[in-house]
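Just below is one structure, and these are the notes that go with it.
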Amino acid sequence: MTKRHACPSFPHFLHGADYNPEQWIHDKSIWDADMELMKKANCNEMSVGIFSWAMLEPREGEYDFTFLDEIIEKVHQNGGKIILSTPSGARPHWMADKYPEILRVNGHHQRAHFGGRHNHCFTSPVYREKVRRINTRLAQRYGNHPAVVAWHISNEYSGQCHCDLCQNAFRDFLRQKYGTIDALNHAYWTTFWSHTYDSFDQIEAPGPLTETGIHGLNLDWHRFVTHQTRDFILNETAPIRKLSPHLPVTINMMFEFYDLDYHAVADVIDIASWDSYPEWHNGDDAIIAQKTAFWHDLYRSLKDRPFLLMESSPSLVNWKPFNKPKRPGMDVLSSLQAVFHGSDSVQYFQFRKSRGSSEKFHGAIVGHDGTENTRVFRSVAKTGSILQKIDEVAGTVTDSPVAILFDWENWWALDDAQGYALEKKYLPTCYEYHRFFWERGINCDIVSPKADLSRYKLVVAPMLYLTGGDVVENLERYVNQGGTLYGTYMLGTVDDTDLCWLGGIPGSKLKEVFGIVAEEIDTLYPVERQHASADGKIHELIDYCEVLQLHGAKELAVYADGYYKDMAAVTKHPYGKGQAIY
Ligand code: GLA
Ligand code: ZN
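Numbering-wise (this note's numbering), the sequence shown opens with residue 257 and increments by one.
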């Protein structure tokens, strides 16, 4: 098996943590203790620099790398590796004071003051310049250090900004996309409620003070936020790619994260990584494990190679309604779950628990007692020793016969759709399909509907309501060439500008592929159940019952009640060399 290690310069499992030694700079005996504890915890890696900007550039243009020099060298001397972060996730006070434009403006058009983190405008030329400068220095200084194995860009990119710079960039994005305002008006169907735009200059980001009823606009704003974040990442990584081209670049992504289309940023990173904080022991751990598995599968599929578990808690977190320590054995179990879904690492937030501020009670490998004599420390050390024993697994993934299609644009568009039920249940429905395979030990990739599907035996497209022309082509090609496509209600309802497909759904060629037209959809109340019969058995139906006309498809199940009793509930249709099940 060819191995594709996440960090090629270190072809082993990484076992480590976010490490914030700058918080202890007043007492360097702590740093020395940390090095001993790192080894005792069987850790071989530390992620540093994530929130260090104020220390690295205490005054504008005055850089001071002594702390990072010292800490990287210490970790190196003690046999550890470094994942080096760029510091853009949190900025120094002086910068916000001098350049207020770097701070975010919310949907009520109020500019944030200095504070928190992840509070920056993605468009501000000043911020981009400051980030580029510090990243250049970091790359010059550490980009070829033997201990550094990867770049961790910023921290958990998220959020949006409504400042004038961002609004103008949004208008440019739309100009680029539509060319003329007429084309935009058509795509947005603005004759509805007399919302016709006379020029691009009139366009504003959707928000509480502006327009939220134009679905095409909402969708484009989501796309713009992703586009601008991607552009910001490109700005961050330009000096890094130039000065240390051999090191992989990652951003740490999140669970059920809504704001960014990670498929659309995947091409500007080399490896996927994510921060996983399941709410263990709150109900059925198997269900929680399966949802977590969905995201492990998604991040493995994102770059089609091993990913990194960038953060997890060795114990509890500090931001859930109830913060419960992981039960004995859970750290080993959840860490190995990540590994067996394709992670090349088990990393934690955080190595040493901070003494003050908002995360002082968050789980850490080393607590306020400062020793190795804790249950949590011992369990981390145990996870590390297991990783050492199974090191030959690092760099490998297992092929998946099945792909489930998951799409952020579809998620956003479905949420906007006024009709059906208020709560669309897109993600829960994707989870349910994933669970079917997970329970049977069948590996699943989670991919974009635009991905190359040719290697899969089965492709499942749950609730793929937004189906643009290119996706229609992709699905048609897949079935035509021999694939089995499984679609569900709502497939092919709107195109990629959120205009309804005309002439019957599923839109465009998908009608021929499935041999059906979906005529009506019955939304079920939460307690309501309908039934379908297949193979002499009665099955319970929840959420939606779609009424189908058959145009060549054969029924596999029929409704057993409702006004659509005896009509097709599940169909199958041969098409090209493949088949389409609905
Ligand atoms: C996120 C952040 C970390 C830390 C953890 C706490 O994942 O990236 O800096 O705040 O949450 O769970
Ligand atoms: Zn802005």
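We put the beta carbon where it would ideally sit given N, CA and C, even for glycine.
| query | result |
| --- | --- |
| Inter-residue Cα distance where the pair is HIS795 and GLU688 | 16 Å |
| Option nearest SER455 by Cα separation, candidates CYS422, PHE480 and LEU440 | LEU440 |
| CB contact flag (GLU301, GLY336, <8 Å) | yes |
| Simplified DSSP assignment, three categories, for PRO830 | strand |
| TYR533 Cβ short of 7 Å to the ligand GLA heavy atom set | yes |
| Within the stretch 549-589, ranges of the beta strand (DSSP E) (whole runs, at least 3 residues) | 564-567 |
| Cβ-Cβ separation, LEU722 to ALA637 (assumed contact under 8 Å), whole Å | Not quite, the Cβ-Cβ distance comes to about 47 Å (not below 8 Å), so this is no contact. |
| Member of ALA406, VAL524, ASP531 and ALA542 whose CA lies at the smallest distance from the CA of PRO267 | ALA406 |
| Beta strand (DSSP E) segment containing ALA788, residue limits | 786-790 |
| THR652 Cβ short of 7 Å to the ligand ZN heavy atom set | no |
| Terminal residues of the beta strand (DSSP E) in which THR740 lies | 740-743 |
| Enclosing beta strand (DSSP E) for GLU802 [first to last residue] | 800-806 |
| Rounded separation between ALA346 and TYR518 - CA only | 22 Å |
| Any non-hydrogen atom of the ligand GLA within 7 Å of VAL573 CB | yes |
| For ALA594, the nearest candidate out of ASN574, ASP526, ASP625 and GLY651 (CA to CA) | GLY651 |
| Distance cut-off 7 Å: LEU516 Cβ against heavy atoms of the ligand ZN | no |
| Contact under 8 Å by Cβ, ILE339 with GLY399 | no |
| Sequence ranges, alpha helix (DSSP H) only - wholly within the stretch 704-751, length at least 4 | 725-736 |
| Same chain only: Cβ atoms within 8 Å of ALA289, ignoring 5 sequence neighbours per side | GLY626 |
| CYS756: CB within 7 Å of a non-hydrogen atom of the ligand ZN | no |
| HIS282 to ILE544 span [Cα, whole Å] | 41 Å |
| Residue range of the beta strand (DSSP E) that includes ALA659 | 658-661 |
| LEU421 Cβ short of 7 Å to the ligand ZN heavy atom set | yes |
| Backbone secondary structure at ARG367 - three-state DSSP | strand |
| Inter-residue spacing [alpha-carbon to alpha-carbon] between LYS582 and SER571 | 5 Å |
| Distance between VAL404 and SER380 (C-alpha atoms, nearest Å) | 30 Å |
| Which residues DSSP lists as bridging ILE338, in chain order | MET302 and VAL404 |
| Residues bridged to ALA813 (per DSSP) | VAL826 |
| CB-CB length for LEU503 against VAL481, believed under 8 Å | LEU503 to VAL481, Cβ: 28 Å. No contact. |
| With 16 other Cβ atoms within 10 Å as the buried cut-off, status of LYS793 | exposed |
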